[in-house]
Amino acid sequence: MIRTLKYTKPTPTPTVSVHPSWAAAESQDAICLLPGPVAIAPRVTAAFHKPLVYHRSDEFVPLFEGVRAKLSAMVGGVPVGMFIGSGTLANDAVAATLAADPAKDNGLVLVSGEFGERLMKQAHCSGLSPRILSWDWGRAWHLDEVEAAMQRMPAGGWVWGTHHETSTGVLNDLPGLVALARKYGHRVCVDCVSSLATVPLDLTGVYLATGASGKAIGSYAGVAFVFANPADLAHLDTSRIPTYLNVSATVTTVGPRFTAPSPMIHALDVALDVFATAEKSQARFGQIAELGGLVRRRLTAAGFTLLASDDVASPAIVTFAPPDGMASAAFVAMCRDWGYQIAGQSGYLAERRLVQLAVMGHVSRAEIERLLDRLS
Ligand SMILES: *Cc1c(COP(=O)(O)O)cnc(C)c1O
């Protein structure tokens, strides 16, 4: 006799001690206000669970190319290469591209938080030794200082920084940087990993920009993006670039160059529906701005000290100090008890006694308000 087995999730009984893997699964029921991983919409989860597709198949290649087209359309039409990895991989690809440039020694890196510092380290690891401009945590790029530095560089150089500095919640002036670079004949490289899909982004004047699937796009982490025009890369000596990090080859190849897991691409494809038209994108950016504004207003009213001032604040992440000298870990644990996952455990936040609320994922106003009510 043939029987059809239907899988149902077993309910752990409270009397039995649960295996740690069950405890971890339960903790996912907390509302996720992390800056990555983000809360994922059910339709994206459903797409992730579609049957696996071979990455060279006639079904997969158009799917992969469709995702690339959707991503390009979000940033003004700049072509994009997709890599399997997290945002750091995309930044390593930028570093490897710069290291293959004749002007590799004519660079400037802007540092105003943890992620700018990582770019600096990645540049060093790729054999670059750029000039560094740095500012205190919570500050934005000072474009007058950037201009002075650019003026001293021979034309044809490059500047690299984080658009949205995730650690501080500061959104830097990318159009301002692009305008300055154009004036002095330099190229802009920018980490847009946490700004992509939170604010309108025009990358048409940018040399290299990075993004990732697992932040505000609202999908699973694991697909990294590098936006670049292949014509801008034609002068590079690619013979010394590590195979996987070759941006030019990745942008000009139809379909994936190497193995790509279809669940991540299926999920990303569906997540991008939110940004399918200019109107839909505007609506999503409006939603994030509204939620971020609400978080800032309510936390300020409750007496919290926010790290970024209103004029430079990103709408998507609010970084602040817990009250009364409370440690980051204790504040995170308190929010966890209330059913919320927030950031504060990373060393770079904990050692500065900072925590973060991010509104980048699939979360509702009501869910956020319940936490803000508790904090008021
Ligand atoms: C998340 C993030 C990255 C990439 O970090 P991963 O851990 O590799 O995902 C890079 N830059 C910024 C600004 C980020 O927010």
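Just so you know, our numbering puts 249 at position 257 of the sequence shown, and the rest follows in order with no gaps.
The beta carbon of each residue, even a glycine, is placed where N, CA and C say it ideally should be.
Computed from a predicted structure; not experimentally measured.
Return yes when at least one heavy atom of ligand 1 lies under 7 Å from the C-beta of residue i, else no.
{"i": "A204", "result": "yes"}
{"i": "T158", "result": "yes"}
{"i": "G28", "result": "yes"}
{"i": "T154", "result": "yes"}
{"i": "D84", "result": "no"}
{"i": "T80", "result": "yes"}
{"i": "K207", "result": "yes"}
{"i": "A213", "result": "yes"}
{"i": "F107", "result": "yes"}
{"i": "D136", "result": "no"}
{"i": "V185", "result": "yes"}
Alpha carbon to alpha carbon, how far is residue i from residue j?
{"i": "N98", "j": "S368", "result": "50 Å"}
{"i": "V72", "j": "H155", "result": "18 Å"}
{"i": "C181", "j": "A82", "result": "12 Å"}
{"i": "G203", "j": "L166", "result": "15 Å"}
{"i": "P192", "j": "L349", "result": "21 Å"}
{"i": "Q333", "j": "M352", "result": "13 Å"}
{"i": "F107", "j": "P314", "result": "22 Å"}
{"i": "V355", "j": "G331", "result": "13 Å"}
{"i": "I280", "j": "H116", "result": "35 Å"}
{"i": "V246", "j": "V53", "result": "7 Å"}
{"i": "S306", "j": "L25", "result": "15 Å"}
{"i": "G28", "j": "W150", "result": "29 Å"}
{"i": "K272", "j": "G278", "result": "10 Å"}
{"i": "G58", "j": "A358", "result": "34 Å"}
{"i": "V111", "j": "V101", "result": "A quick correction: the sequence has Leu, not Val, at residue 111. So the alpha carbons of these two residues sit roughly 8 Å apart."}
{"i": "S78", "j": "T158", "result": "15 Å"}
{"i": "M326", "j": "V30", "result": "20 Å"}
{"i": "A91", "j": "A147", "result": "17 Å"}
{"i": "S104", "j": "V198", "result": "20 Å"}
{"i": "D50", "j": "K62", "result": "19 Å"}
{"i": "V218", "j": "E343", "result": "32 Å"}
{"i": "A16", "j": "A173", "result": "In this predicted model, A16 has a pLDDT of only 39, less than 50, meaning its place in the structure is not dependable enough to derive any value."}
{"i": "P94", "j": "D136", "result": "27 Å"}
{"i": "A201", "j": "T160", "result": "20 Å"}
{"i": "V243", "j": "F312", "result": "39 Å"}
{"i": "W133", "j": "I124", "result": "12 Å"}
{"i": "G168", "j": "T196", "result": "14 Å"}
{"i": "L163", "j": "S187", "result": "8 Å"}
{"i": "T80", "j": "M74", "result": "13 Å"}
{"i": "I23", "j": "D365", "result": "15 Å"}
{"i": "T251", "j": "Q274", "result": "34 Å"}
May I ask you to report which of helix, strand or coil DSSP gives residue i?
{"i": "I233", "result": "coil"}
{"i": "H156", "result": "strand"}
{"i": "T297", "result": "strand"}
{"i": "S372", "result": "Past the edges of the chain, shown from -7 to 368, lies residue 372, and the structure says nothing about it."}
{"i": "M74", "result": "strand"}
{"i": "A246", "result": "Correcting the residue type first, residue 246 is Val in the shown sequence and not Ala. Reduced to three states, the DSSP call for V246 is coil."}
{"i": "A15", "result": "With a pLDDT of 40 at A15, under the threshold of 50, the predicted position of this residue should be treated as unreliable, though the coordinate-derived value follows. Residue state, collapsed to three classes: helix."}
{"i": "S126", "result": "strand"}
{"i": "Q337", "result": "coil"}
{"i": "Y176", "result": "helix"}
{"i": "V351", "result": "coil"}
{"i": "D183", "result": "strand"}
{"i": "A319", "result": "coil"}
{"i": "D310", "result": "For the record, residue 310 in the displayed sequence is Val; it is not Asp. Correct three-state label for V310: strand."}
{"i": "I449", "result": "Missing from the structure shown is residue 449; the chain here goes from -7 to 368 and no further."}
{"i": "A201", "result": "strand"}
{"i": "L44", "result": "coil"}
{"i": "L55", "result": "helix"}
{"i": "G108", "result": "helix"}
{"i": "A216", "result": "strand"}
{"i": "V67", "result": "coil"}
{"i": "A226", "result": "coil"}
{"i": "V287", "result": "helix"}
{"i": "V86", "result": "helix"}
{"i": "G99", "result": "strand"}
{"i": "V262", "result": "helix"}
{"i": "A358", "result": "helix"}
{"i": "V239", "result": "helix"}
{"i": "A305", "result": "strand"}
{"i": "Y30", "result": "Residue 30 is actually Val in this sequence, not Tyr. The answer is coil: DSSP assigns V30 none of H, G, I, E or B."}
Would you check whether ligand 2 has a heavy atom nearer than 7 Å to the C-beta of residue i?
{"i": "H156", "result": "Ligands displayed in this structure: ligand 1; ligand 2 is not among them."}
* To do: Report yes or no: do the segment 199 to 217 and the segment 251 to 271 share at least 3 C-beta pairs separated by less than 8 Å?
  => yes
* **At least three beta-carbon pairs within less than 8 Å, the segment 251 to 259 to the segment 116 to 124** => no
* Asked: If we count Cβ pairs, one from each stretch, closer than 8 Å, do we get three or more for the segment 24 to 42 versus the segment 168 to 181?
  -> no
* Segment contact, 8 Å Cβ cut-off, at least three pairs: the segment 311 to 321 with the segment 334 to 347 -> yes
* Report yes or no: do three or more beta-carbon pairs, one from the segment 227 to 247 and one from the segment 282 to 301, lie closer than 8 Å? => no
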